[in-house]
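> Numbering (my numbering), first residue to last: 13 to 611.
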Amino acid sequence: MESGKIKKIGLGTLLAAMLAFPVVRRVWNNWQQSKQNRQQHAQIIKRYGFYLQNVAKEAGITFKHESPKLDPKLDNIMPIIASMGASVSVTDFNNDGLEDLYFTNSRYGTKNALYENLGNGKFKDVAEKLGVADLNKKGTGVSMGAVWGDYDNDGYEDLFVYKWGKCMLFHNDKGKGFTNVSDQIPLPKWANANTAVWFDYDHDGKLDLFVGGYYPADINLWHLKTTRIMPTSFEYANNGGRNYLFHNLGNGHFEDVTKKMGLTSHKWTLAVSVVDVNNDGWPDLVVANDYGVDELYINEKGKYFKDIGPESRIGFAPKSGMSVTPGDVFNRGNLDLYITNISEPGVLLQGNNLWVPNLGDSGDNMIYRNLANNLGIELGGWSYGAQFGDFNNDGHLDLYVANGYVSGKKRSSDYWYDYSKVAVGNQTIIADTKNWPKMNGKSLSGYQRNKIWVNDGSGRFQEVGEAVGGREVYDSRAVAIADLWNTGAQDIVVANQEGPVLLYKNTVDPQNKWIGFKLTGTKSNRSAIDAKIDLYWNNQHQLQMVNGGSGFCSENQRRIYFGLGKHPVIKKAVIYWPSGLVQTLHSLKADSLYHIQED
């Protein structure tokens, strides 16, 4: 080589030399993988309009649910009895404009979690610091779920935790902490509650509380006096827990008005949702019951609730109702009702129901048709929680359904045959757990995938779960919808029994627009629960309702979001406040979140 002469090295040769170093090679491979992932995600978004990515670990959410360990007399079927308790509810507890998440745990000694949204994609568990973590103490029962509502109208969302045990009410001290005020509500010393919802049934501007019981209140599952604790029938059981309706007196205290209001059922209640089914301005109750028929209670102007379930057809056939979710599936200004049940091919095909009301029906003459099969959203699995949300912002509500009951040891036999031997027995056999065969690690509708059904807008749904990123398999229970990153996308949170949280960050086709509303009541309750918004755009309209609890053991964000599709022309939004006030908004812009106060 001549002195002072530099040999030229090609880019490929230089890159090869650099890749000889392990650190450089790792960086290169990660970049290549990231590039490939971005390309794949872009293709999925182009096809389906959205893509989901589970970012729980990256967000700092490490919560894992643990099932209750109950009386040893139940060891033969412990996985069945202890199969609930994983829940999620959404709130903005400190009014910083960021949605936070509350998860319940269900074993003595475990703690619940309140994850504060830090606004940078990260969450921090502040439950212990704020006094709402250590609620699962021996002798007090364990948590099954929670709902948020501003019961004293001070501008901060308060917390109600329902339990198999002593339910608890916490006052929100301006986002700085929580005070246990359970003695202000006439809760029983023990209630095996599995659902609750805030609503203002009498339109007095104060939130009331409905609590649904599963097992009878005189049963302590940790200290059994008898093993005869199961339903007396798989179809028409009436030996479950009682329900409660607590009227808000306005001085921080509540009164029990259950009997007075006609809610004296003793079915096995698993879920409740508040829906104005007949559009008369009064919030009605839809109750999903296990081992029997569901119930539809019409609110008689705050004076009484009348069950028209059988007449409406909702309470006609016995199933295993586990979740109630309202949604305007057809964009016609009416709320349809999705109720989950059990579907196991070759064994039991109850099917999930989509109850659609006949337009023009009202009052006691409400008649529903079940169109789940017609739309392709009937067969989920052993379905628990479900939520509607416009995941791709195309203007049509999509559906997420959580599936899976008990996932036993892999390669173990199935428990369905053993289960069927009990199911055909008389009430004496069914009701006593001693008669149930030992599970011995067997699965019962385990290892099922959750369903993500996309609404095509023409009366059919397509299942796209694995395609859009929902690949994980757990025994899922509760589902909640929230815009956690304030992007206008509907993110999905799933609580799993004996499993970790799934936190799906949603990336939506930016060509599809959206609009959101955060309502604050003045004459109505401050949380604006029971308010309805009817949005008109592009010669169509969609109705949504602010809810104080929805689905199975879950509660969505308080804000209301509408997907608008491409090139939206928004005509107006009509808000129907619980007070009776009707407020119409014009000159609305897409990709905007509006904070609206009741005039």
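Backbone N, C-alpha and C define an ideal beta-carbon position, used for all residues, glycine too.
1) Considering only the alpha carbon of each residue, which of ASN364, HIS607, TYR429 lies closest to ALA329?
2) Let me check understanding here. Comparing Cα to Cα, which of GLY274, ILE310, ALA71 lies closest to PHE134?
3) Which partner residues of LEU514 appear in the DSSP bridge assignment?
4) Does the distance from the CB of LYS535 to the CB of GLU484 come in under 7 Å?
5) When you compare only the Cα positions, how much space is there between TYR427 and LYS76?
6) Should ASP166 and SER539 be called a contact, given that it needs their Cβ atoms to be closer than 7 Å?
7) Check the C-beta distance from VAL209 over to LEU515 and give it rounded, since I have them as a contact under 8 Å.
8) Indicate the three-state DSSP secondary structure (helix, strand or coil) for TRP428 in the structure shown.
9) According to DSSP, simplified to helix, strand and coil, what is VAL594?
10) If I follow the unbroken alpha helix (DSSP H) through LEU257, where does it start and stop?
11) If contacts are defined as beta-carbon pairs under 8 Å, then PRO580 and ASP542 qualify, I think. What distance do you get, rounded to the angstrom?
12) Specify the secondary structure class of GLY189 as computed by DSSP and reduced to three states.
13) To test your reading of the DSSP string, which unbroken beta strand (DSSP E) runs of 3 or more residues are found completely within the segment 221-269?
14) Cα separation between VAL505 and ASP406?
15) At what residues does the beta strand (DSSP E) containing ILE587 begin and finish?
16) Shorter than 6 Å, the distance from the beta carbon of ALA501 to the closest heavy atom of the ligand NAD, or not?
17) Nearest to ASN250 by alpha carbon, out of GLY264, THR281, LEU233, ASN232?
18) Starting from ALA145, trace the beta strand (DSSP E) both ways and give me its first and last residue.
19) Pull up the distance between the alpha-carbon of ASN537 and that of TYR168, whole angstroms please.
20) What residue from GLY511, ILE231, GLY262, PHE190 has the CA that sits closest to LEU221's CA?
21) Compare the beta carbon distance of ALA585 and LEU547 with 7 Å and say whether it is the shorter of the two.
22) ILE354 and TRP294: beta carbons closer than 7 Å?
23) I'd like the span of the alpha helix (DSSP H) that includes PRO91, first residue to last.
24) To the nearest angstrom, report how far apart GLY511 and ASN385 are at their CA atoms.
25) What does a CB cutoff of less than 6 Å around ASN291 pick up in its chain, not counting 5 residues either side in sequence?
26) To the nearest angstrom, how far is the alpha carbon of HIS215 from that of GLU312?
27) Going by beta-carbon coordinates alone, are LYS463 and GLY477 separated by less than 7 Å?
28) Are the CB atoms of TYR127 and MET156 nearer to each other than 7 Å?
29) What residues in its chain sit with their C-beta under 6 Å from that of LEU597, if we drop five residues either side in the sequence?
30) So, are the CB atoms of VAL287 and LEU360 less than 7 Å apart?
31) Check each candidate in GLN52, PHE33, ILE57 and name the one with the smallest Cα separation from ASN518.
32) My guess is that LYS85 and TYR120 are in contact by the Cβ rule of under 8 Å, so how many angstroms apart are they, rounded?
33) With distances taken between CB atoms, is the gap from ILE442 to MET180 smaller than 7 Å?
34) Using only CA atoms, which one of ASP521, LYS237, GLN523, VAL418 lies nearest to ILE89?
35) Would you please state the rounded distance, in angstroms, between the beta carbons of TRP526 and GLY500? I believe it to be under 8 Å.
36) Fully enclosed by the segment 359-414, which alpha helix (DSSP H) runs are 4 residues long or longer?
The relevant details are as follows:
1) Position 317 of the sequence shown, counted from the start, is the residue given in the question as residue 329. Answer by Cα proximity: ASN364.
2) Numbered from 1 along the sequence shown, position 122 holds the residue referred to as residue 134. Before going further, note that residue 134 is Lys rather than Phe in the sequence given. Checking every option, the nearest Cα to that of LYS134 belongs to ALA71.
3) Locating residue 514 in the sequence shown gives position 502, where the first residue counts as 1. LEU514 pairs with VAL506.
4) One-based indexing of the sequence shown puts residue 535 at position 523. One-based indexing of the sequence shown puts residue 484 at position 472. No. Outside cutoff.
5) Against the sequence shown, residue 427 aligns to sequence position 415. Against the sequence shown, residue 76 aligns to sequence position 64. Straight-line Cα distance between these residues: approximately 26 Å.
6) Here the question's residue 166 lines up with position 154 in the sequence shown. Here the question's residue 539 lines up with position 527 in the sequence shown. Contact: no.
7) For the purposes of this step, residue 209 is taken as residue 197 along the sequence shown, with counting starting at 1. For the purposes of this step, residue 515 is taken as residue 503 along the sequence shown, with counting starting at 1. In fact, because the Cβ distance is near 24 Å, the residues do not count as touching under 8 Å.
8) Position 416 of the sequence shown, counted from the first residue, corresponds to residue 428. DSSP places TRP428 in helix when its eight states are reduced to three.
9) Translated into the one-based positions of the sequence shown, residue 594 becomes position 582. Correct three-state label for VAL594: strand.
10) Here the question's residue 257 lines up with position 245 in the sequence shown. No alpha helix (DSSP H) holds LEU257; the beta strand (DSSP E) holding it covers 256-260.
11) For the purposes of this step, residue 580 is taken as residue 568 along the sequence shown, with counting starting at 1. For the purposes of this step, residue 542 is taken as residue 530 along the sequence shown, with counting starting at 1. In fact, because the Cβ distance is near 27 Å, the residues do not count as touching under 8 Å.
12) Along the sequence shown, read from residue 1 onward, the residue named residue 189 stands at position 177. Note: GLY189 maps to coil in three-state DSSP.
13) Runs of the beta strand (DSSP E) inside the segment 221-269: 256-260, 266-268.
14) Numbered from its first residue, the sequence shown carries residue 505 at position 493. Numbered from its first residue, the sequence shown carries residue 406 at position 394. Rounded to the nearest angstrom, the two C-alpha atoms are 21 Å apart.
15) Locating residue 587 in the sequence shown gives position 575, counting from the first residue. First-last of the beta strand (DSSP E) with ILE587: 582-588.
16) As presented, the structure is devoid of all ligands, the ligand NAD included, so that no description of it is given.
17) Position 238 of the sequence shown holds residue 250. If we check each option's Cα against that of ASN250, THR281 comes out closest.
18) Against the sequence shown, residue 145 aligns to sequence position 133. Careful: ALA145 lies outside any beta strand (DSSP E) and carries neither H nor E.
19) Residue mapping note: residue 537 aligns to position 525 of the sequence shown, counting from 1. Residue mapping note: residue 168 aligns to position 156 of the sequence shown, counting from 1. Distance between the alpha carbons of ASN537 and TYR168: 12 Å.
20) Within the sequence shown, the letter at position 209 stands for residue 221. Of the listed residues, the one whose Cα sits closest to LEU221 is GLY262.
21) Translated into positions along the sequence shown, residue 585 becomes position 573. Translated into positions along the sequence shown, residue 547 becomes position 535. With a cutoff of 7 Å on beta-carbon distance, ALA585 and LEU547 are scored as near each other.
22) Sequence index remark: in the sequence shown, residue 354 carries index 342 (1-based). Sequence index remark: in the sequence shown, residue 294 carries index 282 (1-based). It is not a contact, given that the beta carbons lie outside the stated cut-off.
23) Your numbering for residue 91 matches position 79 in the sequence shown. Element bounds for PRO91: 90-93.
24) Here the question's residue 511 lines up with position 499 in the sequence shown. Here the question's residue 385 lines up with position 373 in the sequence shown. Approximately 31 Å, taken between the alpha carbons.
25) On the sequence shown, position 279 is the one that residue 291 refers to. Exclusion of the five residues before and after ASN291 leaves no residue of its chain whose Cβ lies closer than 6 Å to its Cβ.
26) Numbered from 1 along the sequence shown, position 203 holds the residue referred to as residue 215. Numbered from 1 along the sequence shown, position 300 holds the residue referred to as residue 312. Roughly 12 Å separates the two Cα atoms.
27) Translated into the one-based positions of the sequence shown, residue 463 becomes position 451. Translated into the one-based positions of the sequence shown, residue 477 becomes position 465. Cβ distance < 7 Å, so LYS463 and GLY477 count as in contact.
28) Start at 1 with the first residue of the sequence shown, and residue 127 comes out as number 115. Start at 1 with the first residue of the sequence shown, and residue 156 comes out as number 144. Contact: no.
29) The residue labelled residue 597 in the question sits at position 585 within the sequence shown. Correct list, in chain order: ALA585.
30) The residue labelled residue 287 in the question sits at position 275 within the sequence shown. The residue labelled residue 360 in the question sits at position 348 within the sequence shown. For VAL287 and LEU360, no; Cβs fall outside 7 Å.
31) Counting from one through the sequence shown, the residue named residue 518 turns up at place 506. Among GLN52, PHE33, ILE57, the Cα nearest to that of ASN518 is on ILE57.
32) In the sequence shown, the residue the question calls residue 85 occupies position 73. In the sequence shown, the residue the question calls residue 120 occupies position 108. That belief does not hold up - the Cβ atoms of LYS85 and TYR120 are roughly 17 Å apart, past 8 Å.
33) To locate residue 442, count along the sequence shown from 1; it is residue 430. To locate residue 180, count along the sequence shown from 1; it is residue 168. No, the Cβ-Cβ distance between ILE442 and MET180 is not below 7 Å.
34) The sequence position of residue 89 within the sequence shown is 77, counting from 1. It is VAL418 whose Cα lies nearest to the Cα of ILE89.
35) Locating residue 526 in the sequence shown gives position 514, counting from the first residue. Locating residue 500 in the sequence shown gives position 488, counting from the first residue. Their Cβ separation, rounded to whole angstroms, is 4 Å, which keeps TRP526 and GLY500 in contact under 8 Å.
36) Taken in chain order, the unbroken stretches of alpha helix (DSSP H) that lie wholly in the segment 359-414 and span 4 residues or more are 384-387.
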